[in-house]
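First up is the structure itself, then whatever we jot down about it.
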Amino acid sequence: MNLFSLREALPVLGRHHVTGRDIVPPFPDTMEMALFGMGCFWGAERCFWQQSGVHVTAVGYAGGTTPSPTYEDVCSGMTGHNEVVRVVFDPDRVSFGQLVGLFWASHDPTQGMRQGNDLGTQYRSGIYYADDRQKQIALATRASFQECLTKAGYGKITTEILPMPNFYYAEDYHQQYLAKNPSGYCGLGGTGVALDGTSVGGKIKTEHSPVRGMMRLLSGKSLDDCIIDPSNPNLIVRDD
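Heads up: take any position in the sequence shown, counting from 1, add 804, and you land on the working numbering.
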C-alpha cells in the first residue's frame, strides 16, 4: 500500500503574507499562471513577489509521482517532486517572457540536481508551461540563453521544460518565508548572465514595454548578437 495516497492535502491559510491576497483560486479572470523551479523556493518566491505585475505567489511541490507530499517527504527524494513557485500574474503589466527572463537571470540553470549549497532532486531547475505559447517561449529562450552561457564559460543547461503538473501547496511556514524571516536563508544566485531588461537584483526595469532581450554579462561585457525580437517573443533572431 502506498501510504502517500492516503494523505489529504495540506491545509492552506489562503492569504499572502506580503500582499494580503488569496493564494488559492479562484483568481481574477484576467490573470495567467506560471510555475518555476529554481532551487530553494524561499528565495525564488521573493524574486517573483517583488516583481510589478505579479498578482500573487505561492510555494509548493510539483513534478513528482505521489499526491500531497510534505516537506519531509520531498526531502527524502522518494516522491520525485520539485520545490516550485506558482506565479499568478497580470499579462497586461508583465509578460510571461519577462518572467522567464527573471527566471534565467536569478539562478544557475546548469547545476543539475542542485542549486548552490542545496543538493537534491527537489532543487532542480524547471519551467512548467500552462500552454503552447509558454512552451515555445521557454524553449526559445533556453536555446538562446545556452549559447550565451557557453560564451560566458558555463556548461549545459539542465532546466526541464514540461507541461504544468499538479501543484501541491507547501506548508504555511514556507509561504513567503523571507517576508516572515527577513534574515532567513536564501541560496538563490545567478550566473551573471541575464536577459536585457533585468537588473542585478532581478527586478525587470521595462515593466510596461517589450523587453529587447539581448543577453549580456552584468559586468558590462557584451555577448553580442543573442536577442529576442520584441515584436514576437516566440522567435529568437540575430541582430545582423
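Yeah, the Cβ is synthetic: ideal placement off N, Cα and C, and Gly gets one too.
| Asked | Found |
| --- | --- |
| Every unbroken beta strand (DSSP E) inside the region 890-919 [3 residues or more] | none |
| Check whether V888 and L923 have beta carbons under 7 Å apart | no |
| Simplified DSSP state of H978, which is helix, strand or coil | helix |
| Candidates Q855, M968 and D912: closest to V997 by CA position | D912 |
| Euclidean distance between Cα positions of Y977 and G841 | 19 Å |
| Helix, strand or coil at H1012 according to DSSP, with G and I counted as helix | Bear in mind that the predicted position of H1012 carries a pLDDT of just 28, short of 50, making it too unreliable to give a figure here. |
| DSSP state of I941 mapped onto helix, strand, coil | helix |
| Span of the alpha helix (DSSP H), counted from its first residue to its last, around V878 | Y875 to C879 |
| Under the three-state DSSP convention, the category L923 falls into | strand |
| Residue environment, A947, which counts as buried when at least 16 other CB atoms sit within 10 Å | exposed |
| Stretch pair the region 947-963 + the region 877-888: three plus CB contacts closer than 8 Å | no |
| Three-state class that DSSP yields for S948 in the structure shown | helix |
| Terminal residues of the beta strand (DSSP E) in which D838 lies | Sequence check: residue 838 is Ala here, not Asp. Element bounds for A838: E836 to M842. |
| Separation of S872 from A909, as counted between CA atoms | 30 Å |
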